[in-house]
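Numbering (my numbering), first residue to last: 39 to 195.
All C-beta atoms, glycine included, are put in the ideal place defined by N, C-alpha and C.
Because the structure is a prediction, the values reported are computed rather than measured.
So the structure is just underneath, and the comments pick up after that.
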Amino acid sequence: MNTPSILFVCLGNICRSPLAEGIYRHLVASDAYAGEIASAGIGGWHVGNPPDNRSILTARQHGIDISRQRARQVKPQDFATFDLILAMDASNLERLRALAPAENRDRLHLFSHYATSTDVDVPDPYYGGQGDFDAVYTMLFSGCKALVAKFAIEPFS
Ligand code: 4NP
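Given below as structure tokens:
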């Protein structure tokens, strides 16, 4: 398997991207995966906080513990460090494109586009209910499964 380092990015790094990080880590849990796996937020409002309780709950219901993650903000070094930087929605991607140095912009992708060649946003569930978090989980799980399949069959460059 190819093992690119991946940074999952959303707005606050407490709802969607911690779930993406947790699911992806769970799926690739193997000594053979050498790439760094992390998540970050565009904004810094929740830096140092654990994920939203609703994300922790939906992950736990699927046997994944994300409670020890702590939010952090995207930093300039991320653009040179990570092979892939996957944005949860088009707005996140636009913000990343504005922040990234031109030579690293090819590392930025919409999560759904990169994973499944679709252009759907993973919707922000922050002002929603538990059902919205469950729907986000389902989207992220199928996207992360597609990533794993993609890396196993395509050379990473
Ligand atoms: P996330 O959700 O981007 O999936 O972590 C949000 C979390 C917090 C806020 C917005 C979105 N907020 O405005 O504080």
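Closer than 8 Å is the cut-off here; do at least three beta carbon pairs connect the stretch 95-113 with the stretch 51-67? The stretch 95-113 is in contact with the stretch 51-67.
Buried or exposed: which applies to Y165, given that a residue is buried once 16 or more other Cβ atoms fall within 10 Å of its Cβ? In the sequence shown, residue 165 corresponds to position 127, counting from 1. When all chains shown are included, Y165 counts as exposed.
Could you give the C-beta distance for A78 and Q111, rounded to a whole number, given that I count them as a contact under 8 Å? For the purposes of this step, residue 78 is taken as the residue at position 40 of the sequence shown. For the purposes of this step, residue 111 is taken as the residue at position 73 of the sequence shown. With 8 Å as the limit, A78 and Q111 qualify as a contact, their Cβ atoms being about 6 Å apart.
Going straight from the alpha carbon of A72 to that of G167, what length do you get? One-based indexing of the sequence shown puts residue 72 at position 34. One-based indexing of the sequence shown puts residue 167 at position 129. In a straight line, the C-alpha of A72 is about 36 Å away from that of G167.
Comparing C-alpha positions only, which one of L178, G82, D121, K113 sits nearest to T154? Taking the sequence shown and counting its residues from 1, one reaches residue 154 at position 116. For the residues L178, G82, D121, K113, the minimum Cα distance to T154 belongs to L178.
One question on the structure: do P163 and F171 come within less than 7 Å of each other, judged by their Cβ atoms? As a position in the sequence shown, residue 163 is number 125, starting the count at 1. As a position in the sequence shown, residue 171 is number 133, starting the count at 1. P163 is a Cβ neighbour of F171, given a cutoff of 7 Å.
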